[in-house]
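Report on the following structure.
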Amino acid sequence: MADMMKIRARLKDGVTEVKVLMIHPMETGRRIDDAGETVPAHFIQLVTATLNGKPVLEAQWGTGISKNPYLTFRLRGANLGDKIAVNWVDNKGATNAIEGIVEGA
Amino acid sequence: MNRRTLLKSCVAMVSLFALVPLQVLAAVWNRKAFESDKVEGALQGLGVAGDQASAEIEIVAPQMAENGAIIQIEVISRIPNTEAIAILAEKNPTPLIANFMFSNGAEPYLITRIKMAETADLKVIVKAGDTYHSASRHIEVALGGCG
C-alpha cells in the first residue's frame with residue numbers, strides 16, 4: 070500500500086519542508102455518477118505527522134480537500150536522517166501510513 | 025438501594041463513561057464543525073469566539089480558478105504562538121475545509137489543494153492561545169468543484 074502515498078522531506082537553512090501526496094477519492098457524498106446514483110461520502114478525516122515519533126501536525130479534514138490530497142508542511146529542529154511519519158484515517162475507518170527520512174537539499 | 029444512592033451511582037457511572045473518551049477526544053473528528061452548512065456553525069463548532077482581522081496572516085491563492093475541484097493554496101501565519109489554522113470556503117455546502125494543528129516545532133505554514141463550489145471568499149482562522157485571528161481572500165471560480 071506504499072504506492073498510496075508519497076513523501077519527501079528536505080532540510081534547508083534549518084527548516085525541513087515535508088511534501089506529502091495521498092491517493093484518495095475524497096468523495097463529498099454529493100456527486101452523481103454516470104448511472105445517476107449518488108456516490109457515498111468517502112474522504113480522509115484525520116491526518117497526523119510525527120517527527121521521530123513525536124507529534125508535529127494533526128489535521129482534521131472535511132470533504133473540501135481535493136481528490137488525491139497534497140500537503141506541504143514545515144518543521145524546525147529536524148536533523149538529517151530523522152524519521153517523519155504521516156498517517157491518515159478516512160470516514161470508513163481505512164488507514165494508511167508512510168515514513169520518510171529527512172534529506173539534504 | 026434507595027433512590028438517592030441509585031442516583032449517585034448512576035451519576036458516577038455516567039461520569040466514568042464521560043471521562044474515558046476524553047483522552048482520545050483530541051483525535052476525534054469534529055463532526056459538528058465539519059458538517060455545518062453555515063460558516064457561523066462551523067466556527068461555533070471550532071470554538072471560535074470573535075475573530076479579529078489580521079494582516080499577519082498571508083494567503084497565497086489564485087485570483088481566478090478555472091477548476092474549482094483543485095485550487096492550490098498556501099497559508100502562512102506570522103502571529104506568535106499560532107496553534108492552529110482553519111480554512112473555510114464561505115459558499116461551499118459545508119464551509120469548513122480543514123483545521124491544521126501544529127506542535128513541537130511545526131511552523132504555522134501549509135500548502136494544500138481545496139475544492140470550491142463557486143466564487144467566494146476563502147477564510148482563514150488562526151488560533152493563538154485564547155485568541156482568534158482571521159484573513160480572507162476572494163477567489164473567482166469558473167467551474168465549481170463540489171460535485
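Residue numbers (our numbering), protein chains in the order written: chain A, 70 to 174; chain B, 25 to 171. Glycine is no exception: its CB is placed at the ideal position from the N, C-alpha and C atoms.
Can you pull the chain B residues whose beta carbon is under 8 Å from the beta carbon of residue i, in chain order?
{"i": "A/Gly162", "result": "Within 8 Å Cβ-Cβ: nothing; A/Gly162 doesn't reach chain B, min ~11 Å."}
{"i": "A/Ile134", "result": "Ile121, Ala122, Thr136, Arg137, Ile138 and Lys139"}
Closest Cβ-Cβ distance between residue i and chain B: below 7 Å?
{"i": "A/Glu172", "result": "no"}
{"i": "A/Leu140", "result": "yes"}
{"i": "A/Arg143", "result": "yes"}
{"i": "A/Gly131", "result": "yes"}
Between residue i and chain A, is the shortest Cβ-Cβ distance under 7 Å, so that the two count as touching?
{"i": "B/Ala152", "result": "no"}
{"i": "B/Asn105", "result": "no"}
{"i": "B/Ile94", "result": "yes"}
{"i": "B/Asn91", "result": "no"}
{"i": "B/Val48", "result": "Since pLDDT at B/Val48 reaches only 45, below the 50 mark, its modelled position is unreliable, and no value is offered."}
Thinking just about the alpha-carbon of each residue, which of the options is nearest to the one in residue i?
{"i": "B/Ala113", "options": "B/Asp154, B/Glu107 and B/Ser160", "result": "B/Ser160"}
{"i": "B/Ala166", "options": "B/Glu64, B/His157, B/Lys56 and B/Ala93", "result": "B/Ala93"}
{"i": "B/Arg102", "options": "B/Glu131, B/Val84 and B/Glu59", "result": "B/Glu131"}
{"i": "B/Ser60", "options": "B/Ala79, B/Pro119 and B/Gln87", "result": "B/Pro119"}
{"i": "A/Leu149", "options": "A/Met91, A/Met74, A/Gln114 and A/Glu172", "result": "A/Glu172"}
{"i": "B/Ile121", "options": "A/Arg79, A/Thr107 and A/Gln129", "result": "A/Gln129"}
{"i": "A/Ala147", "options": "A/Tyr139, A/Ile167, A/Gly105 and A/Asn121", "result": "A/Asn121"}
{"i": "B/Asp154", "options": "B/Leu146, B/Glu107 and B/Gly168", "result": "B/Glu107"}
{"i": "A/Ala110", "options": "A/Glu96, A/Met73 and A/Lys123", "result": "A/Glu96"}
{"i": "B/Ala144", "options": "B/Glu98, B/Arg55 and B/Pro86", "result": "B/Pro86"}
{"i": "B/Pro117", "options": "B/Ser158, B/Tyr133 and B/Ala57", "result": "B/Ala57"}
{"i": "B/Lys139", "options": "B/Gln76, B/Ile111 and B/Gly129", "result": "B/Ile111"}
{"i": "B/Glu164", "options": "B/Glu82, B/Ala141 and B/His157", "result": "B/Ala141"}
{"i": "B/Glu80", "options": "B/Leu70, B/Pro104 and B/Gly168", "result": "B/Pro104"}
{"i": "A/Asn165", "options": "A/Ile101, A/Phe142, A/Thr119 and A/Ile92", "result": "A/Ile92"}
{"i": "A/Ala118", "options": "A/Lys152, A/Asp82, A/Pro138 and A/Asp159", "result": "A/Lys152"}
{"i": "A/Ala154", "options": "A/Lys123, A/Glu168 and A/Arg145", "result": "A/Glu168"}
Residue i touches chain B at which residues, Cβ-Cβ below 7 Å?
{"i": "A/Lys123", "result": "Asn128"}
{"i": "A/Gly146", "result": "Gly129"}
{"i": "A/Ile92", "result": "The premise fails here: A/Ile92 is roughly 13 Å from chain B at the closest Cβ pair, so nothing lies under 7 Å."}
List, in order along the chain, the chain B residues whose C-beta lies closer than 9 Å to that of residue i?
{"i": "A/Trp157", "result": "Within chain B, no residue comes near A/Trp157; the closest Cβ sits about 12 Å away, beyond 9 Å."}
{"i": "A/Leu120", "result": "Asn128, Gly129 and Ala130"}
{"i": "A/Ala128", "result": "Ala122, Asn123, Phe124, Met125, Leu134 and Thr136"}
Positions along the region 113 to 139 of chain B whose CB lies within less than 7 Å of some CB in chain A: Legend: CB atoms of the region 113 to 139 of chain B lying less than 7 Å from CB atoms of chain A belong to residues Ala113, Asn116, Pro117, Thr118, Leu120, Ile121, Ala122, Asn123, Phe124, Met125, Phe126, Ser127, Asn128, Gly129, Ala130, Glu131, Tyr133, Leu134, Ile135, Thr136, Arg137, Ile138 and Lys139.
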